[in-house]
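J.: Structure incoming, see below.
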Amino acid sequence: MIQEKRGLLKQWNMVLVILTYALVIFGTFLTRSGVLSSVHAFANSPIGPFFMGFVSLTLIASVILLIKRWPELRSETEMKSMLSREALFLLNNLLFISILVVCFWGVIYPLISELITGFKVTVGPPYYERATGPLFAGLLFLMAIAPFSAWGHSTMQTLGRAVWKSVLASFVLTVILFFTYTQNLYAILGFFLIALALFATLHEFWRGTLARQNAQQENFFTALSTLMMRNRRRYGGYIIHISMALMAIGILGIELFQKETQGTVAQGESLNVGDYRVEYRELASWDVRSEGVNYTRAVLDIYENGIYLGQLYPRIDYFFDAEQTMTIPGQRSTFRDDLYILLVDWQPVSNNGATFKIYVNPLVNWMWIGSFVFLFGIIFAAWPDKEPEGESVKVTKRVSQTSAAD
């Protein structure tokens, strides 16, 4: 978009395209070669060196071509303001590259440590959370203010006048959440940035719709639909902004508010986690020889703040031929949280005892909602516009004239 409108960031775009392709193939190499130990990776395979050779060849050839064409990819104009929309887009790219570097280093660090010291040192979730959290916060902030910035030149005054309503609405909502939901300062900051991104994006829809409504004397919904249909890429991008904010709600919930417990209980006993009480009722095990599977299923009564909600049925399936087990969780999902229960074991305590692991994941289902909104935004932005009838007539005439001349 910046390249089309302003003739800027051509070199950036090519670098990002090359990195995207090379890293996709590199990720395939990691999972197919067996160099990394992971539940998502395959066993050791002789195909690994071929993948690595292909990645190296592709990257080297791409870099050589990029260097050769580098002068031709110079920007046509210069950035005149650090608060202009193109400058904020560049800062957005820098944040994405920073996240890439952090995650890439976390992935390859075990390989490098083993190569240098002979011992494989792995990094866990805390590394990614602490390193990428501030970067994602910066992305949310840019997502909120960039749409209000003008092409070419912007000032703090113009941005402030454009964004103050969204800031005020976000502040009010955050204060309400502080007194009704959580006093965790990290969560409050996260909710403020999410609210700012949402309100700022919705304000763009509102502002554009009102402008068209006043200019064309249309009703609100007609003006909104026409505005979006005639600016698919722009408003498809705004829909994607909304989806990212919704997914951020889920990420914030699971990172800061997740609760879990594990315990062994006899029939009639309970485990407590958060506002939930899980009471173990019974356990049944049976074979289905036609399927080659043994099913072991627990029956659990679920209570929230003393109110009975229903039953969940976590189970373990044992496949005779493969001699492997599969754990099927019991799950209850709402917009507020997700209750997730695993049957870990039912022996050797007694025939009446069982071990359960219970997770309460607040707000996690907003990640799924955001994912569907994200998919809709991509389809909406990429959907081809209907060619105006006049244009098709002109093209037909030109083709006819060319054919006649031949």
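Start counting the sequence shown at 0; every next residue gets the next number (numbering that gives the first Met the number 0).
Just so it is clear, CB atoms sit at the ideal spot from N, CA and C, and this is done for glycine as well.
It should be emphasised that the depicted structure is a prediction, and the values quoted were computed from it without experimental measurement.
Can you list, in chain order, the residues of its chain whose CB lies under 6 Å from that of Leu139, leaving out five sequence neighbours each side?
T.: Here the question's residue 139 lines up with position 140 in the sequence shown. Hits under 6 Å: Leu192, Ala196.
J.: Taking 7 Å as the threshold (C-beta atoms), are Ile187 and Leu134 in contact?
T.: Residue numbering aside, residue 134 sits at position 135 when the sequence shown is read from its first letter. Residue numbering aside, residue 187 sits at position 188 when the sequence shown is read from its first letter. No, these two residues do not count as a Cβ contact at 7 Å.
J.: Whole angstroms is fine: what's the gap from Ser269's alpha carbon to Leu255's?
T.: What you label residue 269 is simply residue 270 of the sequence shown in a count that begins at 1. What you label residue 255 is simply residue 256 of the sequence shown in a count that begins at 1. When rounded, the distance between both Cα atoms is 25 Å.
J.: Got a sec? Which residues, its chain only, sit under 8 Å from Tyr275 by beta carbon, not counting five neighbours each side?
T.: In the sequence shown, residue 275 corresponds to position 276, counting from 1. So the list reads Ile301, Tyr302, Glu303, Leu338, Ile357, Val359, once near-sequence residues are dropped.
J.: Spatial neighbours of Val348 within its chain, please: CB distance less than 6 Å, with the 5 preceding and 5 following residues excluded, ordered by chain position.
T.: For the purposes of this step, residue 348 is taken as the residue at position 349 of the sequence shown. Below a pLDDT of 50, predicted positions are generally treated as unreliable, and Val348, at 46, falls in that range; the measurement from the model is reported next regardless. Hits under 6 Å: Thr263.
J.: Taking all protein chains shown into account, do 16 or more other C-beta atoms lie within 10 angstroms of the C-beta of Ala381, making it buried, or fewer, making it exposed?
T.: Stepping through the sequence shown from its first residue, residue 381 is reached at position 382. The residue is exposed, with fewer than 16 neighbouring Cβ atoms inside 10 Å.
J.: Please classify Ser406 as buried or exposed, where buried requires at least 16 other C-beta atoms within 10 Å of its C-beta.
T.: Absent from the model: residue 406. The displayed extent of the chain is 0 to 405, so no value can be given.
J.: Kindly indicate which three-state DSSP category Tyr127 falls into: helix, strand or coil?
T.: Walking along the sequence shown from the start, residue 127 turns up at place 128. The answer is helix: DSSP assigns Tyr127 an H, G or I state.
J.: Please state the DSSP three-state secondary structure of Val483.
T.: What is shown of the chain runs 0 to 405, which leaves residue 483 out entirely.
J.: Which of helix, strand or coil does DSSP assign to Arg73?
T.: Residue 73 sits at position 74 when you count from the first residue of the sequence shown. Arg73 falls in the coil class under three-state DSSP.
J.: Return the CA-CA distance between Glu322 and Leu311, expressed in angstroms with no decimal places.
T.: The residue given as residue 322 occupies position 323 in the sequence shown. The residue given as residue 311 occupies position 312 in the sequence shown. Each residue's Cα considered, the two are about 26 Å apart.
J.: By Cβ distance, which residues of its chain are closer than 6 Å to Glu259, with the 5 residues on each side in sequence left out?
T.: Against the sequence shown, residue 259 aligns to sequence position 260. Answer for Glu259: Tyr358, listed in chain order.
J.: Quick one: measure Cβ to Cβ for Asn200 and Ala222, integer angstroms, because I've assumed they're closer than 8 Å.
T.: Here residue 200 refers to the residue found at position 201 of the sequence shown. Here residue 222 refers to the residue found at position 223 of the sequence shown. Here residue 200 turns out to be Thr, not Asn, going by the sequence shown. That pair is no contact at about 18 Å.
J.: Taking 6 Å as the limit between beta carbons, can you name the residues of its chain near Leu176, skipping five residues before and five after?
T.: Counted from its first residue, the sequence shown places residue 176 at position 177. If we look at Leu176 and ignore the five residues flanking it on each side, its Cβ neighbours are Phe190.
J.: Which of the three DSSP states is assigned to Glu303 in this structure?
T.: Within the sequence shown, residue 303 is the residue found at index 304, counting from 1. Looking at Glu303 - three-state DSSP - the assignment turns out to be strand.
J.: Which same chain residues, not among the five before or five after Gln212, have their C-beta less than 8 Å away from its C-beta?
T.: As a first step, residue 212 is located in the sequence shown; it is residue number 213 there, counting from the start. Correct list, in chain order: Asn218, Phe219, Ala222.
J.: Measuring only the C-alpha atoms, how far is Ile250 from Trp205?
T.: As a working note, residue 250 is residue 251 in the sequence shown. As a working note, residue 205 is residue 206 in the sequence shown. So the two alpha carbons sit approximately 27 Å from each other.
J.: Taking one C-beta from the region 369 to 380 and one from the region 278 to 296 each time, how about it: are there three or more such pairs within less than 8 Å?
T.: Short answer: they don't touch.
J.: Could you check how far apart the C-beta atoms of Gly369 and Met246 are, in whole angstroms? I think they sit under 8 Å.
T.: What you label residue 369 is simply residue 370 of the sequence shown in a count that begins at 1. What you label residue 246 is simply residue 247 of the sequence shown in a count that begins at 1. Yes, they are in contact, since the Cβ atoms of Gly369 and Met246 sit about 3 Å apart, within 8 Å.
J.: Quick one: using the 10 Å Cβ neighbour count with 16 as the cut-off for buried, is Phe334 buried or exposed?
T.: Start at 1 with the first residue of the sequence shown, and residue 334 comes out as number 335. Exposed, because fewer than 16 other Cβ atoms sit within 10 Å of the Cβ of Phe334.
J.: So what's Gln10 in DSSP terms, helix, strand or just coil?
T.: Working through the sequence shown from its first residue, we reach residue 10 at position 11. Here Gln10 sits in helix by DSSP.
J.: Is it the case that the Cβ atoms of His240 and Met142 are separated by a distance below 7 Å?
T.: Here residue 240 refers to the residue found at position 241 of the sequence shown. Here residue 142 refers to the residue found at position 143 of the sequence shown. Against a cut-off of 7 Å, the Cβ pair of Met142 and His240 comes out as a contact.
J.: Can the beta-carbon of Ser61 be found closer than 7 Å to that of Ile17?
T.: Here residue 61 corresponds to residue number 62 of the sequence shown, with the count starting at 1. Here residue 17 corresponds to residue number 18 of the sequence shown, with the count starting at 1. For Ser61 and Ile17, yes; Cβs fall inside 7 Å.
J.: Quick one: what does DSSP say Trp285 is sitting in, helix, strand or coil?
T.: Translated into positions along the sequence shown, residue 285 becomes position 286. Three-state DSSP puts Trp285 in a strand.
J.: For Gly273, tell me which candidate among Ala283, Gln257, Ser284 has the shortest Cα-Cα distance.
T.: Locating residue 273 in the sequence shown gives position 274, where the first residue counts as 1. Closest by alpha carbon: Gln257.
J.: What first and last residue would you give for the alpha helix (DSSP H) that runs through Gly235?
T.: Within the sequence shown, residue 235 is the residue found at index 236, counting from 1. Unbroken alpha helix (DSSP H) run through Gly235: 231 to 256.
J.: Please identify the residue among Leu184, Gln266, Ile144 whose C-alpha is closest to the C-alpha of Tyr237.
T.: Reading the sequence shown from its first residue, position 238 is the one you call residue 237. Considering only alpha carbons, the answer is Ile144.
J.: Using DSSP bridges, identify the partner residues of Met325.
T.: Position 326 of the sequence shown, counted from the start, is the residue given in the question as residue 325. Answer is Asp316.
J.: Starting from the Cα of Leu362, find the closest Cα among Lys9, His152, Arg331 and give me that residue.
T.: Translated into the one-based positions of the sequence shown, residue 362 becomes position 363. The option with the nearest alpha carbon to Leu362 is Arg331.
J.: By a C-beta neighbour count over all protein chains shown, 10 Å radius and 16 as the cutoff for buried, is Tyr279 buried or exposed?
T.: Translated into the one-based positions of the sequence shown, residue 279 becomes position 280. Under this definition Tyr279 is a buried residue.
J.: In whole angstroms, what is the alpha-carbon distance linking Tyr234 and His202?
T.: Indexing the sequence shown from 1 puts residue 234 at position 235. Indexing the sequence shown from 1 puts residue 202 at position 203. If I take the Cα positions, the gap works out to 12 Å.
J.: May I have the straight-line CA-CA distance separating Asn230 from Ala21, to the nearest angstrom?
T.: Here residue 230 refers to the residue found at position 231 when the sequence shown is read from its first residue. Here residue 21 refers to the residue found at position 22 when the sequence shown is read from its first residue. Straight-line Cα distance between these residues: approximately 32 Å.
J.: Just to confirm the assignment, what range does the alpha helix (DSSP H) spanning Phe371 have?
T.: Position 372 of the sequence shown, counting from 1, holds the residue named residue 371. Segment 364 to 381, the alpha helix (DSSP H) holding Phe371.
J.: Starting from Lys356, trace the alpha helix (DSSP H) in both directions and tell me its first and last residue.
T.: Taking the sequence shown and counting its residues from 1, one reaches residue 356 at position 357. That residue, Lys356, is in no alpha helix (DSSP H); its beta strand (DSSP E) goes 352 to 361.
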